[in-house]
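In the working numbering, the protein residues as written are -10 to 154. From the three backbone atoms N, C-alpha and C, an ideal C-beta is built for every residue, glycine too. Have a look at the structure below, then the notes.
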């Protein structure tokens, strides 16, 4: 029996990897209630598809916020600025598919390593973000510049298991 890979991305978001192939990266993501609101970002090379399995997911786009209830499905295309979180009173679970997979799993492993090390905030995450600019980029030009500068000073760990200072 294969081990299930569970990664914690921040204090309010955890994913269980369902499938990881070059074509697709599929996870079941759980967002805790009143979760962190991440920065607006884009994915330059992959599309994300979501199905809300429980709770409701709030998605912020450049021009609006939209709540997706249980049963809703939606896609976020490559290059579309967005962020998502659970603004509700109960946990939210979604099925989340990234196509093509590219280095999405590597990015999530890097974020999990930072979480396990107890490091949070842009300074800590800059190395992982800079090393995975092909996966996720902040949509704000100022934040992108900070990621480049801070990421050069604090590179991402070479492997998910490497300790983070």
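{"Check": "In whole angstroms, what separates the C-alpha of residue 34 from that of residue 93?", "Outcome": "10 Å"}
{"Check": "For the ligand SAH, any of its heavy atoms closer than 6 Å to the Cβ of residue 122?", "Outcome": "No copy of the ligand SAH occurs in the structure displayed, which carries no ligand at all."}
{"Check": "Applying the criterion that 16 or more other CB atoms from any shown protein chain within 10 Å of the CB defines a buried residue, is residue 142 buried or exposed?", "Outcome": "exposed"}
{"Check": "According to DSSP, which residues form a beta bridge with residue 61?", "Outcome": "Beta-bridge pairing links residue 61 to no other residue."}
{"Check": "Less than 7 Å between C-beta atoms, sequence neighbours within five positions excluded: which residues of the same chain meet that for residue 79?", "Outcome": "22, 44"}
{"Check": "Could you work out which residue in 73, 106, 98, 74 is closest to residue -5 when comparing CA atoms only?", "Outcome": "98"}
{"Check": "For residue 63, tell me which candidate among 120, 8, 42, 138 has the shortest Cα-Cα distance.", "Outcome": "42"}
{"Check": "Hey, could you find the ends of the alpha helix (DSSP H) residue 25 is sitting in?", "Outcome": "Counting along the chain, residue 25 falls outside any alpha helix (DSSP H), and DSSP gives it neither H nor E."}
{"Check": "I need the straight-line Cα distance from residue 10 to residue 102, nearest angstrom please.", "Outcome": "21 Å"}
{"Check": "Whose CA, out of 144, 88, 66, 27, lies closest to the CA of residue 16?", "Outcome": "88"}
{"Check": "Measure the CB-CB distance between residue 90 and residue 70 and report whether it falls below 7 Å.", "Outcome": "no"}
{"Check": "Give a yes or no on whether the C-beta atoms belonging to residue 81 and residue 111 are separated by under 7 Å.", "Outcome": "no"}
{"Check": "Alpha carbon to alpha carbon, what distance is there between residue 61 and residue 116?", "Outcome": "34 Å"}
{"Check": "Residue 123 to residue 14, Cα distance in whole Å?", "Outcome": "15 Å"}
{"Check": "For residue 31 and residue 126, which I take to be in contact (beta-carbon distance under 8 Å), what is that distance rounded to the nearest angstrom?", "Outcome": "5 Å"}
{"Check": "Buried or exposed: where does residue 3 fall if 16 or more other Cβ atoms within 10 Å of its Cβ makes it buried?", "Outcome": "buried"}
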